[in-house]
Amino acid sequence: MAELDLPSMLFVLMLSTFVGFQVIQNVSRLLHTPLMSLTNAISAIAVVGSIIITGEHKDTLSTTLGAVAVFASVTNIVSGFLITDRMLKMFKEREPKR
Amino acid sequence: MNHSVGEVVTQLTYLLAAALFIFSLRWLNRPNTARRGVVAGVAGMSAAILGTLFHPEIVASGYVWIALAALVGIAVGIPLSRVPLTAVPQRTAISHAFGGLAAGLVGTAKYLLWLHDGSLTAFRVAVIAIEVILGYLTFTGSLMAAGKLQEVIPTRPITYPGQNFVNLGLLAIAFATGALLMLDPTRAYLFPVIIALSLLFGVLLIIPIGGADMPTVISLLNSYAGLSAVAMGFVLENKLLITAGALDGASGFILSVIMCRAMNRSFTNVLFGAFGQVQTAAAVGEAKPVKSASAQDAADYLGNASRVVVVPGYGMAVAQAQHRVKEIYEELTKRGVDVKFAIHPVAGRMPGHMNVLLAEAEIPYEALVEMDEINPEMPQTDVTLVVGANDVVNPAARSDKGSPIYGMPIIDADKSRMVLANKRSMNPGFAGIDNALYTADNTLMVFGDAKAVLGEIANALRHESKAAA
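Quick note, the sequences are listed as chains A and B, same order. Heads up: the first sequence begins at 54 in this note's numbering, then just goes up one per residue. Heads up: the second sequence begins at 464 in this note's numbering, then just goes up one per residue.
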């Protein structure tokens, strides 16, 4: 892994928090439930950390903890994206009157 | 620094994933681009996972573990995505729990691995402690919230004297233990203490919270889950984790603020206020006569109106009455009646809950109107139909300084020419507050189960149009 120092990590955190505020403030209130399930799926990107810990296979305990974390994250990714799409499909515009 | 080709590829996929995640949320701004957002999210996620799988440190036996865990995750994830939409708040709480759990477990594993290597620094211990505390408290807190939403745990707030003192004390001890561990990272016996305190704190944090506060609490737990991913990013020195966690954390925070504002309450008041307790004492007052109407009467009033506003609440979700609401909407629209739905931000059990339920019933989203937009139109509204909503239409919020909900913005149902309110009985609602709307001169109560009553109204309207044709 590339080495990262604390200041650059704080920088990334600061900038992405601002981007998050800007982007999310514009999300229509209609879609707040799908928003929550989508951000949930996205933050399950924690799966990459879990994958590395599991994959290194250093000892049984850490591998087991990692594998449970992979399970939890994959569950969130799969159910989060699927249910977001399922909900978004339901939001329909009024059919144009002929 | 030497970078292998594999590492460069991994970093590039992370960069791509971060950009796609931001676009994903950007496209969610409007319903007509929203589904593109899911595609972008899936693309970003796939890129990041593929990039990680090529990580040089992963060994062959590791792939087996990863594959098995992922398969179980898929097997659990698919059914979880097919729950009925009324159960979406519970599902969301469970996914916050899983997010917190993953962060807690990764933090624990990292501590053990680094303890073994002898590579624990004070900084590493500090970020691991934060990750573990946030992760495990989100885990148990969200499980509690899911239990309350599913009603396997009593939904009423459970309070005892000194509760806030106990809760904050526990959290303070957890952080102090983390600080002790920083001073000497090899005191491994302290680590389980931090875990146990965080797990316990999560449970105790949610115990005093009632159902009406769930939209705020779910948003807050969403924010914690995001922050625990950020902390994991600091532990693993991973920019993508920090970015994605910050997006999630920011989203949860914004939703919490919106929910708090919609209830005119502060964060601390939601977390430490135990809403439900106060009102039982406040619910005194002389019984005013209530006027009631039959479903047939209600259908007549609705059918002869030219502007109708429907105010849905959690009761509609409980009774699964959204499809009956849609039938009424269709019958009225056919006759040229203008029907709108007034959505209060905290109606339901999570942000946006009502919108999703009404969208499921195939009501076009243009008909769903936010509180601030509908209120100026209320005086020109002929009939307001209240379905399973209570506090969000209680005029006491505007007029009664003694009411626990005083100051909360409400939908001004009482200002419309006539109100038809559906309720099971005259028992006070969830919060136990008297609602003057039900005894107002222009209100008629339509008693009964929402699904049954609304079905009768829809049938009556249908017969009438047939008779007219």
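For every residue, glycine included, the Cβ atom is placed at its ideal position computed from N, Cα and C.
Chain A residues whose Cβ lies nearer than 7 Å to that of B/L612 = Position 149 of the second sequence holds residue 612 of chain B. Correct list: empty, because the minimum Cβ distance to chain A is about 13 Å.
message = Quick check: B/G776 and B/A810, are their CB atoms within less than 8 Å of each other?
response = Translated into positions along the second sequence, residue 776 of chain B becomes position 313. Translated into positions along the second sequence, residue 810 of chain B becomes position 347. Result yes, Cβ atoms of B/G776 and B/A810 sit closer than 8 Å.
ask   = With 8 Å set as the bound, which would you pick, yes or no: does the beta-carbon of A/P87 sit closer than that to a beta-carbon of chain B?
value = Sequence index remark: in the first sequence, residue 87 of chain A carries index 34 (1-based). Yes, its Cβ sits closer than 8 Å to a Cβ of chain B.
B/E825, DSSP secondary structure in three states = Numbered from its first residue, the second sequence carries residue 825 of chain B at position 362. Coil.
query = Do you know offhand how far A/S132's Cα is from B/L483's?
reply = Mapped onto the first sequence, residue 132 of chain A falls at position 79. Mapped onto the second sequence, residue 483 of chain B falls at position 20. Rounded to whole angstroms, A/S132 to B/L483 spans 19 Å at the Cα level.
ask   = Three-state secondary structure (DSSP) at B/V802?
value = Along the second sequence, read from residue 1 onward, the residue named residue 802 of chain B stands at position 339. In the structure shown, B/V802 falls within a strand segment according to DSSP collapsed to helix, strand and coil.
key: B/V850, enclosing beta strand (DSSP E) - first and last residue   = Sequence index remark: in the second sequence, residue 850 of chain B carries index 387 (1-based). According to the DSSP assignment, B/V850 belongs to the beta strand (DSSP E) that extends over 846-850.
query = Under a three-way DSSP split, which group does B/T584 fall into?
reply = Position 121 of the second sequence, counted from the start, is the residue given in the question as residue 584 of chain B. In the structure shown, B/T584 sits in coil (DSSP, three-state: anything other than H, G, I, E or B).
key: 8 Å contact criterion, which A/T86 and B/P814 should meet: CB distance rounded   = As a position in the first sequence, residue 86 of chain A is number 33, starting the count at 1. As a position in the second sequence, residue 814 of chain B is number 351, starting the count at 1. Their Cβ separation, rounded to whole angstroms, is 6 Å, which keeps A/T86 and B/P814 in contact under 8 Å.
Spatial distance of B/R887 from B/T906 (CA atoms) = Taking the second sequence and counting its residues from 1, the one referred to as residue 887 of chain B is at position 424. Taking the second sequence and counting its residues from 1, the one referred to as residue 906 of chain B is at position 443. Near 16 Å, if we compare the C-alpha coordinates of B/T906 and B/R887.
task = Rank A/S126, A/N79, A/L88, A/L59 by C-alpha distance to the C-alpha of B/V819 and give the top, closest one.
result = As a position in the second sequence, residue 819 of chain B is number 356, starting the count at 1. Selected option, being the one with the closest Cα: A/L88.
ask   = Span of the alpha helix (DSSP H) holding A/F144?
value = Residue numbering aside, residue 144 of chain A sits at position 91 when the first sequence is read from its first letter. Counting along the chain, no alpha helix (DSSP H) covers A/F144, and no H or E run does either.
query = So B/M695 packs on A/G102, CB below 8 Å; how close in whole Å?
reply = Here residue 695 of chain B refers to the residue found at position 232 of the second sequence. Here residue 102 of chain A refers to the residue found at position 49 of the first sequence. Taking 8 Å as the upper bound for CB-CB distance, B/M695 and A/G102 are in contact here, some 6 Å apart.
request  = Output yes or no for whether 8 Å exceeds the beta carbon distance between B/V772 and B/M841.
outcome  = Translated into positions along the second sequence, residue 772 of chain B becomes position 309. Translated into positions along the second sequence, residue 841 of chain B becomes position 378. For B/V772 and B/M841, yes; Cβs fall inside 8 Å.
query = If we ignore side chains and look at the alpha-carbon of each, how far apart do B/L662 and A/T113 end up?
reply = Residue numbering aside, residue 662 of chain B sits at position 199 when the second sequence is read from its first letter. Residue numbering aside, residue 113 of chain A sits at position 60 when the first sequence is read from its first letter. In this model, B/L662 and A/T113 are separated by some 23 Å (Cα to Cα).
query = Nearest chain B C-beta to A/T107 closer than 8 Å, yes or no?
reply = Residue mapping note: residue 107 of chain A aligns to position 54 of the first sequence, counting from 1. Using a Cβ-Cβ cut-off of 8 Å, A/T107 counts as an interface residue toward chain B, since at least one Cβ of chain B sits closer than that to its own.
query = Which residue's Cα is closest to the Cα of A/L63: B/I705, B/I485, B/L612?
reply = On the first sequence, residue 63 of chain A is found 10 positions in, with the first residue counted as 1. The shortest C-alpha separation from A/L63 is found at B/I705.
key: Buried versus exposed, by CB contacts within 10 Å (16 or more), B/A642   = Locating residue 642 of chain B in the second sequence gives position 179, where the first residue counts as 1. Label assigned to B/A642: exposed.
inquiry  = Rounded to whole angstroms, what is the Cα-Cα separation between B/D517 and B/V720?
reply    = Along the second sequence, read from residue 1 onward, the residue named residue 517 of chain B stands at position 54. Along the second sequence, read from residue 1 onward, the residue named residue 720 of chain B stands at position 257. The identity of residue 517 of chain B in the sequence shown is Phe, whereas the question assumes Asp. A direct Cα-to-Cα measurement between B/F517 and B/V720 gives close to 41 Å.
ask   = Counting Cβ pairs, one atom from each stretch, are 3 or more of them under 8 Å apart for the segment 911-924 of chain B and the segment 866-882 of chain B?
value = No: the two stretches stay apart, fewer than three of their Cβ pairs being nearer than 8 Å.
ask   = Using DSSP with H/G/I as helix, E/B as strand and the rest coil, what is B/E614?
value = In the second sequence, residue 614 of chain B corresponds to position 151, counting from 1. Secondary structure of B/E614 (DSSP, three-state): coil.
task = In the DSSP assignment, find the alpha helix (DSSP H) that holds B/T640 and state where it starts and stops.
result = On the second sequence, residue 640 of chain B is found 177 positions in, with the first residue counted as 1. Unbroken alpha helix (DSSP H) run through B/T640: 626-646.
Rounded distance between the beta-carbons of B/L684 and B/A556, thought under 8 Å = In the second sequence, counting from the first residue as 1, residue 556 of chain B sits at position 93. In the second sequence, counting from the first residue as 1, residue 684 of chain B sits at position 221. By a beta-carbon distance limit of 8 Å, B/A556 contacts B/L684. Their separation comes to about 7 Å.
message = If contact is defined by three or more beta carbon pairs under 8 Å, each pair taking one atom from either stretch, is the segment 647-656 of chain B in contact with the segment 575-588 of chain B?
response = Between the segment 575-588 of chain B and the segment 647-656 of chain B there are three or more C-beta pairs closer than 8 Å, enough to call the two in contact.
message = Measuring only the C-alpha atoms, how far is B/W528 from B/L534?
response = Reading the second sequence from its first residue, position 65 is the one you call residue 528 of chain B. Reading the second sequence from its first residue, position 71 is the one you call residue 534 of chain B. Roughly 10 Å separates the two Cα atoms.
inquiry  = Can you tell me whether B/A639 is buried or exposed? The criterion is at least 16 other CB atoms within 10 Å of its CB, across all chains shown.
reply    = Sequence index remark: in the second sequence, residue 639 of chain B carries index 176 (1-based). Counting other Cβ atoms within 10 Å of its Cβ, B/A639 stays below 16 and is therefore classed as exposed.
inquiry  = Measuring CB atoms only, is the segment 702-718 of chain B touching the segment 686-693 of chain B, in the sense that at least three cross pairs come out at less than 8 Å?
reply    = Contact between the segment 702-718 of chain B and the segment 686-693 of chain B is present, because at least three Cβ pairs lie under 8 Å.
inquiry  = Quick check: what's the CA-CA separation for B/I936 versus B/L543?
reply    = There is simply no residue 936 of chain B to check, as chain B begins at 464 and stops at 932 in what is shown.
Distance CB(B/L491)-CB(B/P552) smaller than 8 Å = Sequence index remark: in the second sequence, residue 491 of chain B carries index 28 (1-based). Sequence index remark: in the second sequence, residue 552 of chain B carries index 89 (1-based). It is not a contact, given that the beta carbons lie outside the stated cut-off.
task = Would you give the residue range spanned by the beta strand (DSSP E) that B/F910 belongs to?
result = Numbered from its first residue, the second sequence carries residue 910 of chain B at position 447. Start and end: 906-910.
message = Short of 7 Å in beta carbon distance, which residues of its chain neighbour B/L653, apart from the five on each side in sequence? Order them along the chain.
response = Sequence index remark: in the second sequence, residue 653 of chain B carries index 190 (1-based). Hits under 7 Å: T640, L643, L644.
task = Could you name the residues of chain B that A/T113 contacts, counting a contact when the two beta carbons are closer than 9 Å?
result = Within the first sequence, numbered from 1, the residue matching residue 113 of chain A stands at position 60. Proximity of chain B to A/T113 at the Cβ level (cut-off 9 Å) is not reached, the minimal Cβ distance being about 10 Å.
inquiry  = Does any residue of chain A have a CB that is nearer than 8 Å to the CB of B/Y792?
reply    = As a position in the second sequence, residue 792 of chain B is number 329, starting the count at 1. Not closer than 8 Å to any Cβ of chain A, the Cβ of B/Y792 fails to qualify, so no.
ask   = Nearest chain A C-beta to B/W528 closer than 8 Å, yes or no?
value = Here residue 528 of chain B refers to the residue found at position 65 when the second sequence is read from its first residue. Interface criterion met: the Cβ of B/W528 is under 8 Å from a Cβ in chain A.
query = Is A/L59 closer than 8 Å to B/I541 when the C-beta atoms are compared?
reply = Counting from one through the second sequence, the residue named residue 541 of chain B turns up at place 78. Counting from one through the first sequence, the residue named residue 59 of chain A turns up at place 6. Between B/I541 and A/L59, the gap from beta carbon to beta carbon reaches 8 Å or more.
key: Close-in-space but distant-in-sequence residues of the same chain around B/N838 (CB under 6 Å, 5 per side omitted)   = As a first step, residue 838 of chain B is located in the second sequence; it is residue number 375 there, counting from the start. Result list for B/N838: D875, in chain order.
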